[in-house]
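Count along the sequence shown from 1, add 18, and you get the number used in the working numbering.
Virtual Cβ for every residue (Gly too), placed ideally from N, Cα, C.
Owing to the predicted nature of the structure, the values given are computational and were not obtained by experimental measurement.
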Amino acid sequence: MQLTCTAVHPETSSVSSFRFRADQAVDFIPGQFLTLLVPFSDRTSARAYSLSSIPADQELQLTIKRVEGGRVSNHLLDNLKAGDKLEAMAPAGGFHRDAAGDKPWLLLGAGCGITPIYSMLRDRLLTDPDADIVMLASAKTPEERLFAKPLAQLQAEHDNLKVVWLLSSEGNRLSEELLREQAPDTANRSVMICGPQAYMDAAEALAATLGASNVHSEAFMQVQKSLSDCEDDTAAMQLSVDGIELPILPNQSVLDSLEAGGVQVMAACRAGVCGTCKCKGEKGKFESTSTMGLTPDEIEQGYFLACASTATDSMTVAVND
Ligand SMILES: Cc1cc2nc3c(=O)[nH]c(=O)nc-3n(C[C@H](O)[C@H](O)[C@H](O)COP(=O)(O)OP(=O)(O)OC[C@H]3O[C@@H](n4cnc5c(N)ncnc54)[C@H](O)[C@@H]3O)c2cc1C
Ligand code: FES
Numbered sequence: 019m020q021l022t023c024t025a026v027h028p029e030t031s032s033v034s035s036f037r038f039r040a041d042q043a044v045d046f047i048p049g050q051f052l053t054l055l056v057p058f059s060d061r062t063s064a065r066a067y068s069l070s071s072i073p074a075d076q077e078l079q080l081t082i083k084r085v086e087g088g089r090v091s092n093h094l095l096d097n098l099k100a101g102d103k104l105e106a107m108a109p110a111g112g113f114h115r116d117a118a119g120d121k122p123w124l125l126l127g128a129g130c131g132i133t134p135i136y137s138m139l140r141d142r143l144l145t146d147p148d149a150d151i152v153m154l155a156s157a158k159t160p161e162e163r164l165f166a167k168p169l170a171q172l173q174a175e176h177d178n179l180k181v182v183w184l185l186s187s188e189g190n191r192l193s194e195e196l197l198r199e200q201a202p203d204t205a206n207r208s209v210m211i212c213g214p215q216a217y218m219d220a221a222e223a224l225a226a227t228l229g230a231s232n233v234h235s236e237a238f239m240q241v242q243k244s245l246s247d248c249e250d251d252t253a254a255m256q257l258s259v260d261g262i263e264l265p266i267l268p269n270q271s272v273l274d275s276l277e278a279g280g281v282q283v284m285a286a287c288r289a290g291v292c293g294t295c296k297c298k299g300e301k302g303k304f305e306s307t308s309t310m311g312l313t314p315d316e317i318e319q320g321y322f323l324a325c326a327s328t329a330t331d332s333m334t335v336a337v338n339d
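Right, dumping it as structure tokens:
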């Protein structure tokens, strides 16, 4: 689908929200993301961005943080303006309001990870205004609190919503003591977590300590394996791509191997959820941890997700086929 940017709104010094009008109806569940296809200089890059809007809003909104040295985030924050057009893939992702369900919620977000959580929160309060929600939101400084004003407004309108900001500049971080104090009934809540990996690991462990069972999380950045991270440093297998042979190690993802060999691959989520990295290989010569978005027919024909697959034998690969 094609998106036309209608407005840009700075949220903090490093984060801006971009509003878009789509050329078709866009169905999404709050918490899901869009994959933007961003052409500039020599290639088109795919990147996933959570929708910070809700279906009841007139326009779609993405909220994008500047990542130091990041190719796409810097390009968008420096260049994207009202009137510009971008291609995007349909909304996707399993971290959403329906997964959280109708129980009371505990929302744990840090930095830009507050984006999908904010969308879920707004949507739930619109359709279920008495929902019992506790949100513990982490930011480095008061100025970096994302959506601080609208969250304060929502809190003023709903006694059943508690929003607590944890500012690392003031020495406040998510801890077991704090969680017991703010959400002693965590075990009875659906817990939705989004933020940097270290934050999510800590938050998941704390939620488990307090007995939570319905816990969902979403990473904005995958830990990428490089050749040196892999267990075996002898490349035993080869991927053949357009006649070029590339080494691939046991446990190395096909995506990492292709990128290490300089092959351009569309890959937005790097987590086996968006489907952008779909490639065609030889059935029986790879193993996958996710086939999300692939049809049974495609799987039968040898299609796989490069970010979620490793090779078990040398094979020929057609990239983004
Ligand atoms: C499901 C999903 C939803 C997402 N939603 C959002 C969102 O709502 N808002 C948003 O701003 N981003 C979001 N992201 C992250 C986004 O897709 C990009 O990864 C991010 O904008 C960086 O892209 P880049 O091209 O600027 O950086 P790259 O050029 O891809 O990376 C440059 C360097 O930065 C590191 N890096 C990449 N991403 C991050 C990151 N997020 N934090 C810190 N370091 C990073 C890389 O490891 C690399 O070293 C989401 C990602 C996923 C998978
Ligand atoms: S990059 Fe999203 S599924 Fe592989």
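Proximity winner among G49, T330, L257 and V337, relative to A117 (alpha-carbon distances): G49
Considering only C-alpha positions, which residue in the set D339, M107 and P57 is nearest to Q20? M107
Can you grab the Cα-Cα spacing for the pair P225 / A336, in whole Å? The amino acid at residue 225 is misidentified as Pro; the sequence shows Ala. Distance between the alpha carbons of A225 and A336 is about 42 Å.
What do you reckon, are the CB atoms on V152 and K180 nearer than 7 Å? yes
Taking the alpha carbon of R142 as the reference point, which residue from R115, A43 and V259 has its own alpha carbon closest? The shortest C-alpha separation from R142 is found at R115.
Between which two residues does the alpha helix (DSSP H) carrying V281 extend? Run containing V281: none; DSSP gives neither H nor E here.
Along the chain, where does the beta strand (DSSP E) that runs through H93 open and close? From DSSP, H93 is part of no beta strand (DSSP E) but of the alpha helix (DSSP H) over R89 to N97.
In the DSSP assignment, the alpha helix (DSSP H) including P122 goes from what residue to what residue? P122 -> no alpha helix (DSSP H), and no H or E assigned at all.
Within 10 angstroms of its Cβ, does G87 collect 16 or more other Cβ (buried), or is it exposed? exposed
Report the residue from G302, L95, V182 and G111 whose alpha carbon sits nearest the alpha carbon of A25. Closest option to A25, Cα to Cα, is L95.
Using the C-alpha atoms, what's the distance from D45 back to L78? A direct Cα-to-Cα measurement between L78 and D45 gives close to 11 Å.
Counting only the same chain and skipping the five closest in sequence on each side, list residues whose C-beta sits under 8 Å from that of Q256. The residues E263, L264, P265, I266 and S332, in chain order, have a CB closer than 8 Å to that of Q256 in the same chain once the five nearest residues on each side in sequence are set aside.
Name the residue from S271, H27 and L54 whose alpha carbon lies nearest to the alpha carbon of A100. Nearest option by C-alpha distance: H27.
Counting along the chain, where does the alpha helix (DSSP H) carrying R142 start and finish? I132 to T145
CB T145 to CB S68, shorter than 7 Å? no
Quick one: what's got a C-beta closer than 6 Å to L104's C-beta in the same chain, skipping five residues either side? L21 and L54
Nonlocal neighbours in the same chain, by C-beta distance under 7 Å from P160, ignoring five residues either side: L185
Name, in chain order, the residues that DSSP records as bridge partners for K83. V33
Ends of the beta strand (DSSP E) at M210? S208 to C212
Would you call the CB atoms of S306 and A326 closer than 7 Å? yes
Buried or exposed (CB count within 10 angstroms, at least 16 for buried), P109: So P109 counts as buried.
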